[in-house]
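Per this note's numbering, the sequence shown starts with residue 294, numbered consecutively. A virtual CB, placed ideally from N, CA and C, is assigned to each residue, including glycine.
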Amino acid sequence: MKPSSTTEKKTRSGKQPLDVDAVRGDFPVLHQRIYDDKPLAYLDNAATSQKPSQVIRALVEYYEEYNSNVHRALHFMGDKATARYEESRASTARFINAPGVRNIVFTRGTTESINLVAYSWGRKFVGEGDEIIVTGMEHHSNLVPWQILAAEKNAKIRMASIREDGTLDMDEFRGMLSRRTRIVAVTHMSNVLGTINPVREIASEARSAGACILVDGAQSVPHFPVDVQDLDCDFMAFSSHKMCGPTGAGVLYAREELLEEMSPFLSGGEMISKVRDDHSTWAELPYKFEAGTPNIADVIGMAAAMEYLESVGLEEIHRHEVELTHHAIRRLEEIPGLKVFGRAPERGGAISFEVDGIHPHDLSQYVDREGVAIRAGHLCAQPLMRRLGVSAVSRASLYLYNRPEEIEQLAEAILKAGKFFSHGS
Ligand code: 7TS
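#1: Taking the DSSP output, what are the residues bridged to Asp509?
#2: Taking the DSSP output, what are the residues bridged to Trp414?
#3: Give a single yes or no on whether His654 has its beta carbon closer than 6 Å to a heavy atom of the ligand 7TS.
#4: Between Ser297 and the rest of its own chain, which residues show a CB-CB distance below 6 Å, the 5 nearest in sequence each way excluded?
#5: Can you name the start and end residues of the beta strand (DSSP E) that Leu545 belongs to?
#6: If you draw a straight line from the alpha carbon of Thr574 to that of Phe558, how long is it in whole angstroms?
#7: What are the uninterrupted segments assigned as alpha helix (DSSP H) that are 4 or more residues long and contained completely in the region 625-679, given in chain order?
#8: Mind the definition here: the region 684-692 touches the region 324-338 only if three or more C-beta pairs lie below 8 Å; say whether that holds.
#9: Measuring alpha carbon to alpha carbon, tell me which of Ile628, Ile450, Val683, Gly635 ends up nearest Pro653.
#10: Heavy atom of the ligand 7TS less than 6 Å from the Cβ of His516, yes or no?
#11: Less than 6 Å between the CB of Asn484 and some heavy atom of the ligand 7TS, yes or no?
#12: Do Val313 and Arg696 have their CB atoms nearer than 7 Å?
#13: In chain order, what residues of the same chain lie with their CB nearer than 8 Å to the CB of Lys709, ignoring the 5 residues before and after it?
#14: Leu524 and Ala478: beta carbons closer than 7 Å?
#15: Have a look at Tyr356 and Gly510 and give me their C-alpha separation to the nearest angstrom.
#16: Alpha carbon to alpha carbon, how far is Ala374 from Glu494? Give it in angstroms, no decimals.
#17: In this structure, does DSSP put Glu705 in helix, strand or coil?
#18: Between Gly487, Glu600, Leu545, Leu672, which lies nearest to Leu617 when the distance is taken from Cα to Cα?
#19: Would you identify the three-state DSSP class for Arg696, choosing helix, strand or coil?
#20: Which residue marks the beginning of the alpha helix (DSSP H) containing Glu379, and which one marks its end?
#21: Could you pull the DSSP bridge partners for Trp575 from this structure?
#22: Grouping DSSP H, G and I as helix and E and B as strand, with all else coil, what is Met463?
#23: Is it buried or exposed, Thr586, if we count other Cβ atoms within 10 angstroms and call 16 or more buried?
#24: Does Ser560 come out as helix, strand or coil in the three-state DSSP assignment?
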């Protein structure tokens with residue numbers, strides 16, 4: 294996918310700051326005004342990101358020019374769809390520096406990728422008395438599949454604690470590792486606290502204990518360079534829609550030897566080699582894990598999104614987000630009665646907070662009327678909410694196209710909400 298001329302300039306510029314105006318030019322949705330002519334400030338990127346024209350065009354092109362099923366049709370459009378679908382796999386492998394395309398399984402997203410591992414790997418390699426280590430900051434999608442597996446196998450979930458500053462208690466985590474540990478399932482970046490976990494170190498500790506490691510990359514892969522070989526992880530799961538791509542597509546990266554040993558997850562067409570009357574054999578990797586007609590258009594759109602992010606520069610995106618996050622935290626903490634959760638030194642742009650006397654749902658509805666989109670709720674992290682001593686939080690989450698003006702719009706809206714709710718009017 295050809296980057297826009299504006300982003301093309303930035304790619305060559307190395308360590309220059311990200312040209313946010315040029316980036317915003319690529320996102321049609323950001324230019325609208327809502328309610329009473331309020332500029333839209335979209336600060337709900339951890340839930341899902343907006344899509345640039347380059348991605349939207351890739352989807353339209355697929356449907357207008359070569360919509361066909363893949364790996365079967367012996368005609369012009371079928372060949373083109375298959376070629377683009379498989380090029381997308383190569384782009385994905387490059388994006389996370391996987392050894393090759395056999396390591397890349399396309400799924401519907403992070404949730405499906407983790408379920409795939411819990412079913413196909415977990416049901417084979419986790420048994421009675423075995424242990425699965427997770428952390429207290431996991432999204433439900435990296436906890437519930439392990440709970441189901443543990444209940445089925447009489448295995449045990451152990452949850453490593455979060456310290457006061459929002460970082461993982463590494464000493465406790467090390468103490469939990471033992472010969473009974475089968476897998477460590479850890480988020481790379483918390484969708485609540487923004488904490489970036491030391492995944493390379495966790496992987497190396499897990500490996501020394503003879504355990505596997507799965508990294509939930511839903512909030513990391515979209516925001517900074519992730520190299521699965523450098524991290525030395527066994528599994529990495531992430532979603533297209535959080536990285537400027539379409540919904541309904543995602544990735545499971547896995548080591549080849551693990552994929553070889555694992556049983557299929559879904560079965561039927563596409564994933565077989567030979568089908569006899571009473572048994573079947575499986576297709577080569579990664580097709581053994583891609584039963585049925587895949588989400589062709591959205592996988593192609595996801596690869597266009599990766600190419601877009603590469604053209605802007607993942608380092609540049611991360612630097613921009615970290616700077617804006619520090620600015621946002623400083624600005625928000627000037628607001629009386631506002632408390633930000635999480636103080637990890639290594640962090641990204643998911644900023645959760647509470648405001649005295651205002652329920653997070655009321656706050657998010659109020660700031661919405663001021664044009665600001667944030668999220669409120671337990672953020673699919675109920676165990677973490679319990680540890681924070683709250684039932685819900687408000688969260689602003691940032692991405693490459695956000696600007697300080699939007700932080701100001703949020704701060705002003707919260708101040709206005711404070712006055713509104715204290716007067717009870
Ligand atoms: N893991 C993390 C760390 C996440 O933040 C999310 C989604 C998921 C897994 C699940 O991803 P999915 O694409 O399969 O749904 N997080 C959020 C959020 O923070 N607000 O809405 C969705």
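Considering the structure as presented:
#1: Thr480, Ala530
#2: In the DSSP output, where bridge partners are listed per residue, Trp414 has none listed.
#3: no
#4: Legend: pLDDT at Ser297 = 44, less than 50; position of this residue unreliable, value from coordinates given subsequently. Excluding sequence neighbours, Ser297 sits near Asp319.
#5: For Leu545, the enclosing beta strand (DSSP E) stretches over residues 543-547.
#6: 14 Å
#7: 653-662
#8: The way I'd put it, the region 684-692 does touch the region 324-338; three or more beta-carbon pairs between them come closer than 8 Å.
#9: Val683
#10: no
#11: yes
#12: yes
#13: Tyr659, Glu663
#14: no
#15: 29 Å
#16: 40 Å
#17: helix
#18: The residue with the shortest Cα to Cα distance from Leu617 is Gly487.
#19: coil
#20: Boundaries of the alpha helix (DSSP H) harbouring Glu379: 369-388, taken from the DSSP string.
#21: Ile565
#22: helix
#23: exposed
#24: DSSP places Ser560 in coil when its eight states are reduced to three.
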